[in-house]
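Residue numbers (the working numbering): 129 to 293.
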């Protein structure tokens with residue numbers, strides 16, 4: 129396993145528990161993988177060898193309405209972001225991630241907090257950046273409390289660059 133500098137790494141948490149226009153949650157995440165990888169490489173001026181992925185982890189929903197289907201979760205890690213840390217760049221990436229969510233049918237204006245969703249993309253951390261913006265907090269403020277984030281993140285950090293799903 130090749131080591132990487134954590135200060136230049138970026139992690140995205142992925143989750144879905146209802147079907148999107150691309151199929152059931154696992155299919156949605158598989159559809160997303162190459163698009164998200166390409167987006168991160170273009171945005172972060174990375175190289176394909178810098179992308180690492182976890183396996184899928186199926187978990188029960190936390191909070192939200194009762195009776196939700198289980199979530200499929202994963203983490204995609206870009207080990208070397210060459211773009212300089214900045215609030216503007218982080219918010220630009222957030223905009224790209226939210227467009228991908230919309231492409232899968234997510235409507236943030238109508239959804240219930242912690243309710244079912246066809247796709248949820250969370251920017252977990254970007255190097256050593258600390259950001260407290262109304263739209264984005266980095267590192268993710270509840271990341272350390274969530275098994276569905278930590279297990280896939282550790283897998284992605286230990287991966288030797290397997291194909292993403």
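Cβ atoms here follow ideal geometry from the backbone N, Cα and C, with glycine treated the same way.
Measure how close the beta-carbons of residue i and residue j come, nearest whole angstrom, since I'm counting them as under 8 Å.
{"i": "residue 206", "j": "residue 161", "result": "The Cβ separation is near 13 Å, so there is no contact."}
{"i": "residue 259", "j": "residue 281", "result": "No, residue 259 and residue 281 are not in contact; Cβ-Cβ is about 18 Å, not under 8 Å."}
{"i": "residue 218", "j": "residue 266", "result": "6 Å"}
{"i": "residue 164", "j": "residue 213", "result": "Rounded, the Cβ-Cβ distance is 20 Å, inconsistent with contact."}
{"i": "residue 250", "j": "residue 140", "result": "7 Å"}
{"i": "residue 233", "j": "residue 192", "result": "Their Cβ separation, rounded to whole angstroms, is 17 Å, which puts residue 233 and residue 192 out of contact at 8 Å."}
In terms of residue numbering, what span does the alpha helix (DSSP H) encompassing residue i cover?
{"i": "residue 278", "result": "275-286"}
{"i": "residue 159", "result": "153-172"}
Quick one: residues in its chain with C-beta nearer than 7 Å to the C-beta of residue i, no 5 flanking neighbours on either side, listed in chain order?
{"i": "residue 132", "result": "207 and 208"}
{"i": "residue 187", "result": "198, 199, 201, 275 and 276"}
Give me the Cα-Cα distance between residue i and residue j, rounded to the nearest whole angstrom.
{"i": "residue 177", "j": "residue 254", "result": "18 Å"}
{"i": "residue 248", "j": "residue 279", "result": "17 Å"}
{"i": "residue 183", "j": "residue 202", "result": "6 Å"}
{"i": "residue 273", "j": "residue 173", "result": "31 Å"}
{"i": "residue 194", "j": "residue 237", "result": "20 Å"}
{"i": "residue 288", "j": "residue 229", "result": "28 Å"}
{"i": "residue 72", "j": "residue 189", "result": "With the chain covering only 129 through 293, there is no way to say anything about residue 72."}
{"i": "residue 226", "j": "residue 263", "result": "11 Å"}
{"i": "residue 154", "j": "residue 277", "result": "16 Å"}
{"i": "residue 156", "j": "residue 144", "result": "8 Å"}
Taking 8 Å as the limit between beta carbons, can you name the residues of its chain near residue i, skipping five residues before and five after?
{"i": "residue 135", "result": "255 and 256"}
{"i": "residue 239", "result": "245"}
{"i": "residue 224", "result": "167 and 171"}
{"i": "residue 215", "result": "259 and 261"}
Just to confirm the assignment, what range does the beta strand (DSSP E) spanning residue i have?
{"i": "residue 180", "result": "179-181"}
{"i": "residue 186", "result": "185-187"}
{"i": "residue 202", "result": "199-206"}
{"i": "residue 260", "result": "259-261"}
{"i": "residue 219", "result": "Note, residue 219: premise wrong, no beta strand (DSSP E); alpha helix (DSSP H) at 215-231."}
Given residue i, which residues of its chain have a CB within under 6 Å of its CB, disregarding the five upstream and five downstream residues?
{"i": "residue 171", "result": "221"}
Can a CB atom of chain D be found closer than 7 Å to the CB of residue i?
{"i": "residue 141", "result": "Chain labels in this structure do not include chain D; a single protein chain is all it has."}
Starting from residue i, follow its DSSP beta bridges and name the residues at the other end.
{"i": "residue 264", "result": "261"}
{"i": "residue 139", "result": "205 and 253"}
{"i": "residue 248", "result": "143"}
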